[in-house]
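Counting in my numbering, the sequence shown runs from 381 upward without gaps. Yeah, the Cβ is synthetic: ideal placement off N, Cα and C, and Gly gets one too. This report concerns only the one structure given below.
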Amino acid sequence: MQPPADGQPFDPATATIAIVTYNRSALLTRLLDSITAMDPKPGHVVIVDNASSDNTTELVESYRDRLGTELVYRRLDTNTGGSGGFSEGMRVAYELGSTWIWVMDDDVEVMPDGLARMGAWAPRFKSIQGRRYDFDGSEFYWQYRIAERMGIPIPFAPSGFDASGYKEMNSGCFEGMFIHRDIVGQIGLPDPRFFIYWDDQTYGWLASRVTTSVIVNEFVLRRTREIKQWDMGIRHMNASSDAYRYYIMRNRAIIKRYYRAAGVYNPVLFGLGTTLTFGKELIRLLLVERTVRGTSNLFRGLSDGRKIAKDASWQPMPPLVAGD
Numbered sequence: 381m382q383p384p385a386d387g388q389p390f391d392p393a394t395a396t397i398a399i400v401t402y403n404r405s406a407l408l409t410r411l412l413d414s415i416t417a418m419d420p421k422p423g424h425v426v427i428v429d430n431a432s433s434d435n436t437t438e439l440v441e442s443y444r445d446r447l448g449t450e451l452v453y454r455r456l457d458t459n460t461g462g463s464g465g466f467s468e469g470m471r472v473a474y475e476l477g478s479t480w481i482w483v484m485d486d487d488v489e490v491m492p493d494g495l496a497r498m499g500a501w502a503p504r505f506k507s508i509q510g511r512r513y514d515f516d517g518s519e520f521y522w523q524y525r526i527a528e529r530m531g532i533p534i535p536f537a538p539s540g541f542d543a544s545g546y547k548e549m550n551s552g553c554f555e556g557m558f559i560h561r562d563i564v565g566q567i568g569l570p571d572p573r574f575f576i577y578w579d580d581q582t583y584g585w586l587a588s589r590v591t592t593s594v595i596v597n598e599f600v601l602r603r604t605r606e607i608k609q610w611d612m613g614i615r616h617m618n619a620s621s622d623a624y625r626y627y628i629m630r631n632r633a634i635i636k637r638y639y640r641a642a643g644v645y646n647p648v649l650f651g652l653g654t655t656l657t658f659g660k661e662l663i664r665l666l667l668v669e670r671t672v673r674g675t676s677n678l679f680r681g682l683s684d685g686r687k688i689a690k691d692a693s694w695q696p697m698p699p700l701v702a703g704d
């Protein structure tokens, strides 16, 4: 475990915002508008386009001279999912020499002082998660801790903050992860093989194994897309899709491979986590989406996951810098 921080003052010009987008130019417009209003601004904005078929390319180019910072646009040949997009966005930001990489989807807006708020914590920590407002302006609760051996979020982790203004976490969320290049160098890029789901949780877990990762009591983002959800008070359960249901179960096998590589895999506890995940998705179908259709995707994901678990050639993502 590294000690927190080198104590160096934060320079906004060394930060890069890395955005992944796919066929949502209207939402991307709102995000880019919010970046133009930021003070301070990052040194770079990297936009990774997952082969959108709408007017995303023309939209991005229209902001090149008015964003107020250097814009780097990468249009991919195929849709690599959020996982592939964030892996590419972080790669580009890292190769630009960025000290800090702030990743986010296209369905958020950045608070005008968001970068300053995150940067205030940069001298102390190297893996930082800010908070965000939900679509309706309410405070979004993010499950910032996982039960490691089960590989699932802890839904009852305390939501409040004490006077320190931060809490240690062992997870991650690509909707606002703020991470130092030193950590990216050690743990490598996000794994594009997830395609969607569990990728950011696993990446945050990897980061927490080499540095003190924290969620800070700073509201820096706001979601701009409304999602059907079951309101349970502080916590919400969002609607899903057949694709998500498939990857939620299939990608358990990728997490298992990472756990085995790290020497923390417990078959009984991890199996319990998989069972609980399956049960949660059934509840999501019944109570949020009001249907029983979609369970076949859960079983299909489990089946394809078994192939990943048996793949003798599988390896974790490599570090970007050589270890000691």
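A straight-line Cα-Cα distance of about 43 angstroms links L408 and V648.
In the three-state reduction of the DSSP assignment, W585 falls in the helix class, which pools H, G and I. Shown here, P533 sits in a strand according to DSSP, grouped into three states.
For the pair G448 and T416, the CB atoms are nearer than the 8 angstroms cut-off. Rounded to whole angstroms, D493 and E519 show a C-alpha spacing of 18 angstroms. Here DSSP, grouped into helix, strand and coil, assigns R605 to coil.
When the alpha-carbon of M557 is set against those of K421, F574 and Y524, the nearest one is in Y524.
With contacts defined by Cβ atoms closer than 8 angstroms, F554 and V483 form a contacting pair. Per DSSP, E548 is not a residue of any alpha helix (DSSP H); the beta strand (DSSP E) it occupies stretches across Y546 to E548.
One Cα belongs to N631, the other to E468, and the distance between them is close to 19 angstroms. Check the Cα spacing between S507 and each of A527, A500, G552 and D429: the tightest is with G552. Taking 8 angstroms as the cut-off, the beta carbon of I563 is found no closer than this to the beta carbon of T657. Burial of P570 is indicated by the presence of at least 16 other C-beta atoms within 10 angstroms of its C-beta. For L601, the closest alpha carbon among the candidates L700, M498, R446 and D542 is that of M498.
Excluding the 5 residues flanking it on each side, M491 has same chain C-beta neighbours closer than 6 angstroms at V600, in chain order. Per DSSP, the beta-bridge partners of T396 are H424 and I481.
Between F575 and G461, the CB-CB gap stays under 8 angstroms.
With respect to S478, T401 sits apart: the two C-beta atoms are not nearer than 8 angstroms. DSSP places F575 outside both helix and strand once states are collapsed to three, so it counts as coil. The DSSP-derived three-state label of E598 is strand. Here the stretch 411-431 does not lie against the stretch 533-542, with fewer than 3 beta-carbon pairs under 8 angstroms apart.
With a threshold of 16 other beta carbon atoms within 10 Å, F505 meets it and is buried.
Shown here, T460 sits in coil according to DSSP, grouped into three states, outside any helix or strand.
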